[in-house]
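Engineer: Using our numbering, read the sequence shown as starting at 4 and increasing by one per residue.
Using N, Cα and C, we set each Cβ at its ideal position, and we do this for glycine too.
Treat the numbers as computed from the prediction; the structure is a model and nothing was measured.
After the structure tokens below, expect a handful of questions from me.
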Amino acid sequence: MSDTAIYTEFRKPKQMLGHQEYDGHLSIHDDAMAEDLGFAGAPIEGPTHFSQFVHLLQAEFGDDFFARGCISAHYQNMVVEGESVRAFVEPLAPGATSTRIGAEKSDGTPVLTGTASLGPDYGQTELDQRRARLQPSDQLVILSSLKVGQLGAGNPEVVRMDYDQHMGAMYPFSLQQKLALITEKHPWYDPKGAESSPWGAAIIPWEMISVLTQYTSDQSGFRAKGPAIGLFAGQEIKMINGPLLVGHPYHLEREIIALSESRRTESNWIKTRVLDAENGALVAEVILNSATLKDSYADYERDAAALGKSL
Numbered sequence: 004m005s006d007t008a009i010y011t012e013f014r015k016p017k018q019m020l021g022h023q024e025y026d027g028h029l030s031i032h033d034d035a036m037a038e039d040l041g042f043a044g045a046p047i048e049g050p051t052h053f054s055q056f057v058h059l060l061q062a063e064f065g066d067d068f069f070a071r072g073c074i075s076a077h078y079q080n081m082v083v084e085g086e087s088v089r090a091f092v093e094p095l096a097p098g099a100t101s102t103r104i105g106a107e108k109s110d111g112t113p114v115l116t117g118t119a120s121l122g123p124d125y126g127q128t129e130l131d132q133r134r135a136r137l138q139p140s141d142q143l144v145i146l147s148s149l150k151v152g153q154l155g156a157g158n159p160e161v162v163r164m165d166y167d168q169h170m171g172a173m174y175p176f177s178l179q180q181k182l183a184l185i186t187e188k189h190p191w192y193d194p195k196g197a198e199s200s201p202w203g204a205a206i207i208p209w210e211m212i213s214v215l216t217q218y219t220s221d222q223s224g225f226r227a228k229g230p231a232i233g234l235f236a237g238q239e240i241k242m243i244n245g246p247l248l249v250g251h252p253y254h255l256e257r258e259i260i261a262l263s264e265s266r267r268t269e270s271n272w273i274k275t276r277v278l279d280a281e282n283g284a285l286v287a288e289v290i291l292n293s294a295t296l297k298d299s300y301a302d303y304e305r306d307a308a309a310l311g312k313s314l
């Protein structure tokens, strides 16, 4: 970032995924599991940091950011509870609808890098740029059953988020519990304060949108080999006709838009379209780049050999 970047105060985000489960086992957000994999501690979930951008981006783009804004981020380093993080945004250039964003720890360690933009011309987002540079894998192992273009078996999945609704094994808390610990509060998250918003109804915080879209992910039919441990490598939330509202019904449609691998991971890129269940309008699109650690899958070498993959 340049010397002109606008910064938030340092905040200490809270860990709320210590009891997260998926595929019948604990996740990397469990301290013991994280330490077994060689990490210093259980990481806080990446989109938790999105809340720190909201007031900065509202100041840059206006209230329209809640309706047509986009945050696209690549996660660089994990944050554990107790560490301090601040977000920063490059001021918009005259006539621009897109800018760079980032977050860092108090010692300067980068947490995420990305773009923020306002539609309908969102420009080349951070994840657009990264997908354009992907090299096709010769043979995936953990994700060998997945294909680019594959649609979710449960399309459309029916979801909603109420204040006191427990969001399942992947997100073992409610919106009400999240709002008690959120790093940056906003009056529009609260029913009373939201009465004065442009929509007259409470909105779902940006960091909780991935919770909504992952709530029924077990219906997708996107099955990987396991047990194995995954983490979020990148995420994009794009409002088309937002915001998403508390207590409102939505339909989700999923599609695998890319598959990739690195030396340590295999990754899937899944786009989830969020449609208003009452009128069918497209409200938002969410892209999640999930990376699965090869070393966490006990049978990786055996299965790779069976598939003819050279290691």
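#1: Suppose you measure from the CA of tyrosine 192 to the CA of serine 199; what does that come to, to the nearest Å?
#2: Give the single residue among His251, Thr7, Tyr303 and Ala308 whose Cα lies nearest to the Cα of glutamate 281.
#3: So what does DSSP say about tryptophan 202, is it helix, strand or coil?
#4: Is the beta carbon of alanine 227 closer than 9 Å to that of leucine 1?
#5: If you scan the stretch 212–274 from start to end, which runs of the beta strand (DSSP E) of 3 or more residues do you find wholly inside it?
#6: Within 10 Å of its beta-carbon, does serine 263 have 16 or more other beta-carbons around it, so buried, or fewer, so exposed?
#7: Can you tell me whether DSSP reads arginine 276 as helix, strand or coil?
#8: Buried or exposed for valine 151, going by 16 or more other Cβ atoms inside 10 Å?
#9: If distances are taken between C-alpha atoms only, which option among Trp209, Leu146, Pro201 and Leu154 comes closest to arginine 276?
#10: For serine 177, I'd like the list of residues in its chain whose CB is within less than 6 Å of its CB, leaving aside the five on either flank, ordered along the chain.
#11: Got a sec, what are the start and stop residues for the beta strand (DSSP E) glutamate 288 sits in?
#12: What residues in its chain sit with their C-beta under 6 Å from that of isoleucine 185, if we drop five residues either side in the sequence?
#13: Quick check: what's the CA-CA separation for alanine 105 versus tyrosine 300?
#14: Using 8 Å for Cβ pairs, my map puts alanine 287 next to glycine 245. What's the rounded Cβ distance?
#15: Do phenylalanine 56 and alanine 90 have their C-beta atoms within less than 9 Å of each other?
#16: Can you tell me whether serine 75 is buried or exposed? The criterion is at least 16 other CB atoms within 10 Å of its CB, across all chains shown.
#17: Should glutamate 187 go down as buried or exposed, given a rule of 16 or more other Cβ atoms within 10 Å for buried?
#18: State the start and end residues of the unbroken alpha helix (DSSP H) segment that holds lysine 181.
#19: Determine which residues share a DSSP beta bridge with phenylalanine 69 and list them.
#20: State the start and end residues of the unbroken beta strand (DSSP E) segment that holds lysine 195.
#21: Tell me tyrosine 78's beta-bridge partners as DSSP assigns them.
#22: Note down the Cα distance separating aspartate 141 from phenylalanine 13, rounded to an integer number of angstroms.
#23: Can you grab the Cα-Cα spacing for the pair arginine 136 / leucine 248, in whole Å?
#24: Judging by CA-CA distance, which residue of His77, Thr100 and Gly49 is the nearest neighbour of glutamine 61?
#25: Does the contact criterion of 3 or more C-beta pairs under 8 Å hold for the stretch 212–225 versus the stretch 117–131?
Structural biologist: Per the coordinate set shown:
#1: For tyrosine 192 and serine 199, the gap between their C-alpha atoms comes out near 11 Å.
#2: Answer by Cα proximity: His251.
#3: Looking at tryptophan 202 - three-state DSSP - the assignment turns out to be coil, as it is neither helix nor strand.
#4: Nothing about residue 1 can be read from this structure; the chain reaches only from 4 to 314.
#5: With a minimum length of 3 residues, the continuous beta strand (DSSP E) runs that stay inside the stretch 212–274 are 233–242 and 253–264.
#6: Classification of serine 263: buried, given that the 10 Å Cβ count is 16 or more.
#7: Arginine 276 sits in a strand when the DSSP states are folded into three classes.
#8: Classified as exposed, valine 151 has fewer than 16 neighbouring CB atoms from the shown chains inside 10 Å of its CB.
#9: Here the closest residue by C-alpha is Leu154.
#10: Leaving aside the five residues that flank serine 177 on each side, the residues in its chain whose CB is nearer than 6 Å to its CB run, in chain order, Asp167, Gln168 and His169.
#11: Looking at the DSSP string, the run of the beta strand (DSSP E) that includes glutamate 288 is 285–296.
#12: Taken in chain order, the residues that qualify are Ser54.
#13: Per the sequence presented here, residue 105 reads as glycine, with alanine not at that position. In this model, glycine 105 and tyrosine 300 are separated by some 32 Å (Cα to Cα).
#14: With 8 Å as the limit, alanine 287 and glycine 245 qualify as a contact, their Cβ atoms being about 6 Å apart.
#15: Taking 9 Å as the Cβ cut-off, phenylalanine 56 and alanine 90 qualify as a contacting pair.
#16: When all chains shown are included, serine 75 counts as buried.
#17: By the 10 Å Cβ count, glutamate 187 comes out buried.
#18: Its alpha helix (DSSP H) spans residues 178–184.
#19: DSSP, once it has assigned bridges, lists no residue as partnering phenylalanine 69.
#20: Lysine 195 -> not in any beta strand (DSSP E); alpha helix (DSSP H) instead, spanning 194–197.
#21: Leu115.
#22: Taking C-alpha positions only, aspartate 141 is separated from phenylalanine 13 by approximately 43 Å.
#23: Distance from the CA atom of arginine 136 to the CA atom of leucine 248, rounded to whole angstroms, is 35 Å.
#24: Among His77, Thr100 and Gly49, the Cα nearest to that of glutamine 61 belongs to Thr100.
#25: Short answer: they don't touch.
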